[in-house]
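Heads up: the structure comes next, in structure tokens.
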Amino acid sequence: MITQADVEEFQLAKAAISAGVQILMEEMGVVADDISQVFIAGAFGNYIRRESFCDLGIIPEMDMEQITPVGNAAGEGAKIALVSSKRLEEANSIAKKVRYIELSAHPSFRKRFIHSMFFLNRRFEDQLGIMR
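In my numbering, the protein residues as written are 90 to 221.
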């Protein structure tokens, strides 16, 4: 049975991820057409159909072949790093290039988060000119 609390928890997760994706795209100066592949990690990616990520507005619309659920990526990466010093060096090299963005402190986070709480149909959003 799905409860109101379950729906609310999902809304919060959806809104946070969607707002984060939008802000990261903005900060990187990319639009949806620039994205060739999206990897969805963790349990969230394992239990939601690929189509739903776009339909729910969690990520921009794209071909389903571009969306790949990867399961427990952090755990798998840790295992690989433990058994391969070369892969550990690669991971450390990538980590040095990462730029940290405090999403909750970003000027547009609150507005994007609140908007992303809704379950709107994408075509309806387009007709209304609603921000994504």
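Where is the CB? At the ideal position from N, CA and C, for every residue including glycine. Computed from a prediction, not measured in an experiment: that's the story for all the values here.
Run of the beta strand (DSSP E) containing Phe128, from where it starts to where it stops: Looking up residue 128 in the sequence shown gives position 39. Run containing Phe128: Val127 to Ala130, per the beta strand (DSSP E) assignment.
Gly134 burial status per 10 Å Cβ neighbour count (16 or more: buried): Residue 134 sits at position 45 when you count from the first residue of the sequence shown. When all chains shown are included, Gly134 counts as buried.
Secondary structure, alpha helix (DSSP H): runs of 4+ residues fully inside the segment 136-173: Listed in chain order, they are 139-144 and 162-172.
Leu177, DSSP secondary structure in three states: The residue you call residue 177 lines up with position 88 of the sequence shown. Three-state DSSP puts Leu177 in a helix.
N-terminal and C-terminal residue of the alpha helix (DSSP H) that His204 is part of: Taking the first residue of the sequence shown as position 1, residue 204 is located at position 115. Residues Phe198 to Ser205.
Residue span of the alpha helix (DSSP H) that contains Met117, given as start and end: Indexing the sequence shown from 1 puts residue 117 at position 28. In the DSSP assignment, Met117 falls within the alpha helix (DSSP H) that extends over Gln93 to Met117.
Three-state secondary structure assigned by DSSP to Leu209: Taking the first residue of the sequence shown as 1, we reach residue 209 at position 120. Of the three classes helix, strand and coil, the one that applies to Leu209 here is coil, per DSSP.
For Ile124, the three-state DSSP class (helix, strand or coil): In the sequence shown, counting from the first residue as 1, residue 124 sits at position 35. Three-state DSSP puts Ile124 in coil, outside helix and strand.
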